[in-house]
Structure formats: structure tokens, C-alpha cells
Amino acid sequence: MSSFNRIFLSILFLSYSSANNEPPLQTPTPAPSPGATPSPLIQQACKATRFPQTCQTTLTKLGGLGPKATPVEVIQAAIKVSSDNLHIANSMIEHIAKSSSDSFNRTRASKNCLEFLRYSDYRTSMANAAVPSGKTKDARAWMSAALLYQYDCWSALKYTNDTQLVNQTMSFLNSLTEQSSNALSMMASYDNFGDDMSTWAPPKTERDGFWEKGSDGGSEIGSRGGFPSKLTVDVTVCKDGRNGCYKTVQEAVNAAPSEGNKRFVIRIMAGVYEETVRVPLEKKNVVFLGDGIGKTVITGSLNFGMQGVTTYDSATVGVLGDGFMAKGITFQNKGGPDAHQAVAFRSDSDHSVIENCEFLGNQDTLYAHSLRQFYKSCRIQGNVDFIFGNSASFFQDSEILIAPRQADPEKGEKNAVTAHGRKDPAQFTGFVFQNCSINGTKEYMELYKSNPKVHKNFLGRPWKEYSRTIFMGCNMEALITPEGWLEWDNNVGLETLFYGEFENTGPGSNLSQRVPWSSRIPVEHINTV
């Protein structure tokens, strides 16, 4: 494994072992009141943020930071600002929900928004506890997720901004995301530059020439991690429900203890289980153990084309509880040609491990939404943005397959394998693909070979401004276009994303015609061991 690989995986996973219409980020912030000039310490700390005026105003208003406050105390103060205002936002959205009996869409949006803020509050609290314990990378991972959920809340409301209260709430959420971004930026500076706040600086990325230093501890989870070899089954799921086994996967999940510290292993015997499965936040360390790809199949057809169903909601299997594992299972969404987004599997599980599993869908097959995830020896199939999200996910030894579009597949298309959604440069997220193959299904390759000029396939496109995706040591077949990467609408993120490639093989890996906004991994960060 190259040293770059260790460095980048350290960035994403060090704590593993232990079309946008986005909210405008530059929202006006009230100036401090007379007599409330920010202290030199606050001014210094706030230089590390993207929104220093917001930072100075809110920390000064909060009070309690003396001239000798430590970096940890400053960061915790910034987290408190975010947490306090998150609770205010939650109350505002509760009010929207209570006053929306006349609007199905507003009721649904406010319900989703409240859920996202609950997740954000949970991760913010975890980050706050981690900082004084020296678990800075954990804190960064959890605060990155907290910020993501606040954006998700804003997005849930943006299609229902038909009342003054909704518009006021969205404006407040804009300010909240700035405050959370500031806390996250301070964590990044503290992690990278240490206690001396005079060295802190706003977050930069690989695109700026900034590379975080790696570490020996826990950095090679791709090599050493994986699914445990010996597991004791706690409950069994079978189609006929005989001999005390559960008939549905959801019943077995419901039987798992809440806040469990030990693995709860659910053996899912061969069969096709047509159901929607949810592993809630409190169900931790749940393990799905199937009989093999194509043998144990969990399938559904929820999709964005249905009334009231969001992309997030459409997942056949959605996981929130940390420590989730799965092996030997096919996850499928059978959404039809008019379904648009139809997710087979969605994960918000921190420290999740998925091995020898298959994900079948079309648009948005695998939603690696947030936190730290590891996929090994998997098969992922789709066509439009079919691996997407804002997680820190590592894909190793996996088969990535492009499938035909369901409607008029002969006329041609532009497919993107990935759509990473990092919205803030301090978010501790990115996709890494190592030793994977990128090809098409048999049916797709027949279409492709019949008229290669109209069938265009790309490694990814930037869903959000700071999208980050890397392919290393992968085999890319000829269906990958020479340009390699596709722009999003209005050229979003072309100046700020990081799309890197290193030592890939196959006819689709030639770098000579790549788009100028993609990158070759610098030699000084490679030095193969």
C-alpha cells in the first residue's frame, strides 16, 4: 500500500480502530453591539474559520472565554454556539409542523427536518465530548455529519418555502450552518497545527496543495480491517418463519437491544425478502449475515417518483446505528424507468463494514450518506450517480458495473459512477476506490459496443462544491471516457473539488485527455512502500 494511501485513509479513517439551490453561505451577520468588541483571543481563533465575522460575533455574545482560554475551551464554546442555535431551529421547525395541517408537503418536510436535526444534535454532542478527550479526528467526523444534517434539513424545507415562517427558519438555518462550519474549522486547525492558535488558518484542501499528515495508528483499515471471521448468531430470519425464526428482517432488527455494546448477529437465510428495513440510531452493532450474493436478497421499490418519498426515504435498507456490518446479501431497489432516485442501501452508520454484498439499482443505488464506511469485495450496479453521499467511504476490491438506462437505453446517455457531496472544505469526508474494477454489465456493454459515441461514462461529477473522490490501482475499461470526469450544472465545484487518480490500469485509465480540473496524485505523496 502506498504512503499516499495510508495518508488519505488516515484522514478519513484514523479513528476507525479506536443543481443545487443550496443555502447561501455568505449570509449577513449582525455586527457586535457597542462595547462588545471581540477579544484578541477570539479574533485569533476565528481566523481559522470561513466565517470569521459570524465567529467573532457569536463567541463574544456567548461570553465566558477569558484571555487564557485553551484551544479546547474555544472549540467547545464554538460547539456550544452551534448546539444552542440548533435547539432554537428545532423549536422553529416544530412550530412549522404544528401549523402545516393544510399542507402535506410542508408536514412531510418539517418531519424530515426534525429527524435530521435530531441526528445533528446527537453527533454534535458526541463531538463536544470527544474534543477534551483528545479524540480530535472522531470529533471532526461527527461534527462533519452534524453539519451535513443541518444542510439536509435546509434542503427538506426548500421546496416548501411558501410561508413567512418557513423562510425565516431557512434563514436561521443558514446562520446555523455557518456556526457549525466555524466549530468544524477550528477542530481541523487544532488537529493539524496544534495548540498555538496563531498558526491556525481557514481550511484548505488537496486542491490548494495542502495535504494532512498521516499516522501509523489505525490508518490501514483497508488492509487490516474487514468482516470478523467468527460470529455467534443471535437470531435467524427465514421465509417460512419455522423453528422460532423471524419472518421479516425488520422484526429481527426490532429484537436487537438498544444501545448495545456487543454485536447482535442476524442470520438471514436464503430467500427474497420484499420489505423496507430500518436500523434506527439506537440499534448499534447490528450484523446482517446472509447466505450469499443473489441468495439472500432484500428488495424494495420506493422511489422519488412517489408522493412524499424523498431520495433519503427511498432506501430499501437504511441504517443509522453505528457499527453496522453486513455480509453475503443483495440489496436491491426495483424502481421503474420513471422512478428517478431509488436507493437500494443507505448508510449513516459510523464505523460500518460491508463485505461480499451486492447493490442493485439504477439512479442513486448506494447512498453512502455520512460518517465512516468500509466496503470490501462488493458489487455495485447502477447508472446515474449510483454511488453518492457525503461520507468518508473506502471501497476496496470491488466491482463497479454500469447498467443500461431503463427508458430508451439505445439513444445514449451520460452516466457518472460517483457524486460525492462534500459541502464544506473542513468536512472530514471523501470517497476512495482501491483495487476496484469499473466496467459495464453484459447488457450495457452490448449497447455500448453498438454505438460508443453516444454512451458516455464518467468516474464522477461534483454534487457539491468540495466533492472529493480518488481512484487508486483500479482497472478501468474502455467505456470510461477519455475526459474521465463530468461537470455538474453551472460548473459547480470545478475550482474547489479534488478528483485524483493514481496507478490505475486498463484502456479507460489513460490520463492524457483528462479534464483540467482533475488531478494526478503528486509523486511526493506516493513513494510506494
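Residue numbering for the sequence shown is -19 to -1, 1 to 510, as defined by mature numbering (1 follows the signal peptide of the UniProt record, and there is no 0).
Beta carbons are placed, not taken as given, at the ideal position from N, Cα and C, and that holds for glycine.
S333 places its beta carbon 7 Å or farther from that of A126. Spatial neighbours of R89 in its own chain (CB-CB distance under 7 Å, excluding positions within 5 residues in sequence) are listed in chain order as G289.
Between N416 and N396 a beta carbon distance of about 22 Å is seen, past the 8 Å cut, so the two are scored as non-contacting. If you draw a straight line from the Cα of K228 to the Cα of N242, it comes to about 26 Å. Here the alpha carbons of K276 and M426 stand approximately 25 Å from one another. Within its own chain, the residues whose Cβ lies closer than 6 Å to the Cβ of A108, once the five positions on either side in sequence are excluded, are A120, W123, M124, listed in chain order. In the three-state DSSP reduction, K445 falls in the coil class, being neither helix nor strand.
For F85, the three-state secondary structure derived from DSSP is helix. Nearest C-alpha to A182 among S152, Q24, F479: Q24. In the DSSP assignment, M306 falls within the beta strand (DSSP E) that extends over 306 to 308. Around the beta carbon of G45, fewer than 16 other beta carbons sit within 10 angstroms, so the residue counts as exposed. Between the alpha carbons of T150 and W135 lies a gap of roughly 9 Å.
P184 counts as buried, since at least 16 other C-beta atoms from the protein chains shown sit within 10 angstroms of its C-beta.
Contact check for V267 against V258 fails: the beta carbons are separated by 7 Å or more.
The C-alpha of F375 lies about 42 Å from the C-alpha of P48. In this structure, P113 sits near V53, with a CB-CB distance shorter than 7 Å. Residue burial is scored here from C-beta neighbours: L492 has fewer than 16 other C-beta atoms within 10 angstroms and is therefore classed as exposed. Note on the region 446 to 474: whole beta strand (DSSP E) runs with a minimum of 3 residues are 449 to 453, in chain order. When the beta-carbon positions are compared, E458 and G489 come within less than 7 Å of each other. Scanning G299, V214, F312 for the CA closest to the CA of G252 turns up F312. Look at S374 here: in three-state DSSP terms it is strand.
Beyond the five residues adjoining it in sequence on each side, G299 comes within less than 6 Å, by CB distance, of R259, R327 in the same chain, given in chain order. In this structure, V230 places its C-beta atom within 7 Å of the C-beta atom of Y254.
With fewer than 16 other Cβ atoms inside 10 Å of its own Cβ, H76 counts as exposed. Around the beta carbon of I69, fewer than 16 other beta carbons sit within 10 angstroms, so the residue counts as exposed.
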